[in-house]
Amino acid sequence: MARTLVMGLTESGTRTTINEDTFSLGDRVYPDMITGAEERSGGSSAYTQLYIVTQGLGGSGVGDLAGRIVQRASLDLLEQLASYKQPKLNFRAFANDLIREAHERIGRQIALRNEFNAGASFALFLIDANNAYVLNVGHTNIRLFRDNELFALSGTSGSKDPQDRVLIGDRTATSPPLPNTIKHFELCPGDIILLSTQGFNCGYHDSRLTEDLASPDAFAAIIRQMQIRSRESDNTENGTVLAIKVRDLELVEPSEHSPRSEELRRIYHDGINERDAPAQIVETRTDDARRETEEETMESYGTKGKRKSNGKVFFLSLLLGFLIGIVIILLIWFIIL
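If you read the sequence shown in my numbering, its first letter stands for residue 22, the second for the next number, and so on.
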């Protein structure tokens with residue numbers, strides 16, 4: 022199980038009025054508005070995590086819609102991920118089914134307008150336990166930064182015919198496009214995976230990208246700086262990057278309960294500093310012991326109070342009976358005399 026930090030940034034190009042790129046974070050798809058720029062960050066410790074970047078084509082928001090259809094199809098298929106495990110995940114079958122399903126949905130839901138075609142390229146990164154799976158179709162890119170080295174995980178179109186389209190949803194194609202890349206690798210702590218659209222990579226060379234990723238700055242600052250450099254290099258097209266950093270790994274099955282997971286949840290979600298955690302635990306235990314002692318003391322006081330109260334009632338009753346007896350004797354004595 023991987024704990025990750027995630028940051029996504031997107032920005033419209035100067036030659037476009039609509040930002041047709043999208044990226045996913047959790048179960049949300051961004052940007053919220055199809056114009057302008059957006060930045061989102063988050064994290065996850067889920068056993069299974071899915072991240073996608075899409076680059077749409079079609080104009081007037083059609084490409085944006087095509088990308089969101091790909092995002093929706095991916096989430097729907099993710100719910101059936103268990104059916105692809107026998108017991109290992111058959112990621113190739115998952116990828117082929119996703120491409121086919123997304124291709125068909127775009128064809129059904131988007132109508133052609135004039136001579137414009139509609140479709141989307143996409144890059145996908147899936148985490149299942151400590152395993153990573155990548156898939157890309159079209160003009161997107163996937164990179165892995167590990168041990169100060171940058172590795173290109175994505176490739177060119179899987180079709181050998183340069184005339185073939187590489188877009189999901191392209192109606193001029195006789196069949197769904199072939200994937201550029203389908204790969205699997207084991208995650209390592211410190212890994213940074215970058216999913217990006219074509220506009221992010223224009224003029225932003227890998228040597229400069231490697232230098233920026235090796236910076237000792239905070240993760241968020243590094244990704245923001247990368248987006249700035251990308252826009253400085255070429256900002257004519259929409260540019261989007263989704264960066265995922267692996268903080269640490271844990272060998273836990275989905276159904277297993279991990280004491281370490283509970284500890285991490287308490288430390289990172291309940292606001293307890295790990296350094297101060299033992300002291301706070303001792304303090305909590307001391308408070309509990311003090312509370313128990315106070316409760317016992319209160320019970321003791323209550324018992325003593327009850328005893329005192331019972332004794333007082335007894336003596337008052339005895340005194341009252343004695344007085345009544347004297348009164349009766351005096352009355353009898355007075356009557357007789």
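We put the beta carbon where it would ideally sit given N, CA and C, even for glycine.
Everything numeric in this text was worked out from a predicted model, so none of it was measured.
In this structure V158 does not touch F146 by the C-beta definition: roughly 13 Å separates them, more than the 8 Å allowed. Pairing L341 with L351, the inter-Cα distance amounts to about 15 Å. Excluding the 5 residues flanking it on each side, L174 has same chain C-beta neighbours closer than 7 Å at V155, I163, R164, L165, T202 and K204, in chain order.
Residue burial annotation: M54 is exposed, with fewer than 16 other C-beta atoms found within 10 angstroms of its C-beta.
In the three-state reduction of the DSSP assignment, D212 falls in the coil class.
By the Cβ rule, the stretch 79–92 counts as touching the stretch 36–47, because three or more pairs are nearer than 8 Å. In this structure, G63 sits near V27, with a CB-CB distance shorter than 7 Å.
The Cβ atoms of S33 and N259 lie closer than 7 Å to each other. Taking H124 as the centre and dropping the five residues before and after it, the same chain places the C-beta of I189, G190 and P197 closer than 6 Å to its C-beta, in chain order. Between the alpha carbons of F172 and I213 lies a distance of about 10 Å.
In chain order, L156, P200 and I203 place their CB closer than 7 Å to the CB of A116, counting only its own chain and leaving out the 5 sequence neighbours on each side. DSSP places M22 in the coil class of the three-state scheme, outside both helix and strand.
In this structure, E60 sits away from A94, with a CB-CB distance that is not shorter than 7 Å. Annotation: E100 to G47 spans about 14 Å, alpha carbon to alpha carbon.
Of the other Cβ atoms in all chains shown, fewer than 16 fall within 10 Å of the Cβ of V348; this residue is therefore exposed. In the DSSP assignment, I73 forms a beta bridge with L145. If you compare the alpha carbons of R89, L71, Q70 and T69 with that of G77, the shortest gap goes to R89. With contacts defined as CB atoms closer than 7 Å, T75 and A132 fail to qualify as a contacting pair.
Rounded to the nearest whole angstrom, the C-alpha separation of R126 and I265 is 28 Å. DSSP lists V27 and I214 as the beta-bridge partner residues of I265.
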